[in-house]
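Scroll down for the structure; my scribbles are underneath it.
There are 2 protein chains.
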Amino acid sequence: MTRALTRKGEATRARIVAGAAAEIRERGVDEVRLEDVMAHTGASKGQLFHYFPDGKEELLLAVAQHEADQVLLDQEPMLSNLTSWPAWLAWRDRLIERYRAQGVKCPLNGLLGQTGRRAPGAQAIVTGLMWRWQNAIADGVRHMQSTGDISADVDADRAAAALLAGIQGGVLLLLSTGKTDHLEAALDLTIDSLRASSRTA
Amino acid sequence: MTRALTRKGEATRARIVAGAAAEIRERGVDEVRLEDVMAHTGASKGQLFHYFPDGKEELLLAVAQHEADQVLLDQEPMLSNLTSWPAWLAWRDRLIERYRAQGVKCPLNGLLGQTGRRAPGAQAIVTGLMWRWQNAIADGVRHMQSTGDISADVDADRAAAALLAGIQGGVLLLLSTGKTDHLEAALDLTIDSLRASSRTA
DNA sequence: ACAAAATTGGACCTGCAAGTCCAAAACCCG
DNA sequence: CGGGTTTTGGACTTGCAGGTCCAATTTTGT
């Protein structure tokens, strides 16, 4: 049913999604009109509705998925290799560097509020992203526990949840303050408290 | 210049802001039309533009301010009295209870994304809220340091920044998951790490 | 090469929500 | 009471962005 895209079709579709994503990152979801996407990607209105029959909502959903995947990809290979304290720090540095460069342009900020409430699918995308993210962190915590670098008393999932919350909040605060201070503080203090756990226990 | 509101005028204006705020909390910023506000508050279009000459944007700004003030008020008197561990826990419980009840209806969620990018004023409102919030927490940390319940080695502002980030992230995750798990984990682990600081130091 | 199917361009339609305008009513104050 | 001002109601205008439609063109498969 959905199998009707030629090579060229796939390419066009991908170009539209990527272009729309860039446009949204740059100017915010609710500032981007279909016409902007057309201008920016060189696509016609016919193309837009050919590849996204349900219009803007469907396009936004595709963009959300695209951006969600990117968020985790940008943390690799560090995120999947949290096997030593230097590795944790490398991941920490990558995160901060990445968000510092990105500044106010958070890809998912608007997508949560904008599509999140109305589109049930967008909610699922964000939830899925957070779930994968938290699991990757929890895996890292468990690995450190296996090597004795983190106390076995620590609840890995709970610690990962707290760390993820700190990251999300840090990014949110970056959006309004323009500074990465909160992100850094949350990461550093939470990670430090994990390190301390092995010494006190 | 702005001084031209009779008693009745003030009342009407306040009624519009409160009604619009409720409406937005309930259904999200971008789902609320001026007509919805009119219906919900019993105000006419003439009134809306009489009290908010710059239209929707100005109204949204007033709503944002109203909601921002409310966020801190809802944490009182706990937030201003973080002078003992039981007091911290009471504050923690109040926060969780409040957000659990509120669920997905975060007053400022959309206001950040929606007006945040375009209206420079909304940005300022949110920043101001975060600043006041963080300061209140930092004051609590400093008080606990003065009584020796928290190690003097702790950087109060940095700790407050991390805690605030955890809260914001926890709320954000509440919005997409519907669970308060992250908020609880972030609060508990961060506060526990502050408690631990006095014992290890 | 040719028919069927996918792709593309762009003119056109439509609905809606913000914003305008003005005249009627209520209100304030000497 | 009476003139000026604020407050109120609601009809009307306007612009625009999403969505529709279809005909022209290219691609695909045999």
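Sequences listed follow chains A and B, in order. Oh and the first sequence: position 32 is 295 in this note's numbering, straight run, nothing missing. Oh and the second sequence: position 190 is 453 in this note's numbering, straight run, nothing missing. Don't be surprised by glycine CBs; every beta carbon is placed ideally from N, CA and C.
If you drop the 5 nearest sequence neighbours on each side, which residues of the same chain put their C-beta closer than 7 Å to that of residue i?
{"i": "residue 343 of chain A", "result": "399"}
{"i": "residue 355 of chain B", "result": "450, 454"}
{"i": "residue 415 of chain A", "result": "408"}
{"i": "residue 368 of chain A", "result": "288, 289"}
{"i": "residue 429 of chain A", "result": "449, 450, 453"}
{"i": "residue 319 of chain A", "result": "297"}
{"i": "residue 362 of chain A", "result": "434, 437, 443, 446"}
For residue i, collect the residues of the same chain with a Cβ closer than 8 Å to its Cβ; drop the 5 residues on either side in sequence, then sort them by chain order.
{"i": "residue 371 of chain B", "result": "327, 330, 331, 334, 389, 392"}
{"i": "residue 411 of chain A", "result": "461"}
{"i": "residue 353 of chain A", "result": "341"}
{"i": "residue 272 of chain B", "result": "314"}
{"i": "residue 382 of chain A", "result": "320, 323, 324"}
{"i": "residue 308 of chain A", "result": "297, 301"}
{"i": "residue 316 of chain A", "result": "none"}
Around the C-beta of residue i, are 16 or more other C-beta atoms found within 10 angstroms, so that it is buried, or is it exposed?
{"i": "residue 366 of chain B", "result": "exposed"}
{"i": "residue 432 of chain A", "result": "buried"}
{"i": "residue 360 of chain A", "result": "exposed"}
{"i": "residue 439 of chain B", "result": "buried"}
{"i": "residue 340 of chain A", "result": "exposed"}
{"i": "residue 396 of chain B", "result": "buried"}
{"i": "residue 298 of chain B", "result": "exposed"}
{"i": "residue 291 of chain A", "result": "buried"}
{"i": "residue 336 of chain A", "result": "exposed"}
{"i": "residue 264 of chain A", "result": "Reliability fails at residue 264 of chain A, whose pLDDT of 41 lies under 50, so the model's placement of it is uncertain and the value that follows must be treated cautiously. Residue 264 of chain A is exposed by the Cβ-count criterion."}
{"i": "residue 322 of chain A", "result": "buried"}
{"i": "residue 422 of chain A", "result": "buried"}
{"i": "residue 311 of chain A", "result": "buried"}
By Cβ distance, which residues of its chain are closer than 6 Å to residue i, with the 5 residues on each side in sequence left out?
{"i": "residue 295 of chain B", "result": "286, 287"}
{"i": "residue 426 of chain A", "result": "400, 453"}
{"i": "residue 270 of chain B", "result": "none"}
{"i": "residue 346 of chain B", "result": "406"}
{"i": "residue 457 of chain B", "result": "413"}
{"i": "residue 350 of chain A", "result": "344"}
{"i": "residue 419 of chain A", "result": "401, 404, 405"}
{"i": "residue 304 of chain B", "result": "278, 279, 282"}
{"i": "residue 417 of chain A", "result": "460"}
{"i": "residue 268 of chain A", "result": "none"}
{"i": "residue 384 of chain A", "result": "324"}
{"i": "residue 364 of chain A", "result": "none"}
Just confirm the distance between the C-beta atoms of residue i and residue j, as a whole number of angstroms; I'd bet it's less than 8 Å.
{"i": "residue 338 of chain A", "j": "residue 358 of chain A", "result": "7 Å"}
{"i": "residue 275 of chain A", "j": "residue 306 of chain A", "result": "7 Å"}
{"i": "residue 437 of chain A", "j": "residue 443 of chain A", "result": "6 Å"}
{"i": "residue 424 of chain B", "j": "residue 445 of chain A", "result": "5 Å"}
May I ask you to check if the CB of residue i is nearer than 7 Å to at least one heavy atom of the ligand ZN?
{"i": "residue 315 of chain A", "result": "As far as ligands go, the structure on display features none, and thus does not contain the ligand ZN."}
How do the stretch 401 to 408 of chain A and the stretch 281 to 295 of chain B stand: do at least 3 beta-carbon pairs fall below 8 Å, yes or no? Result no; under three Cβ-Cβ pairs closer than 8 Å.
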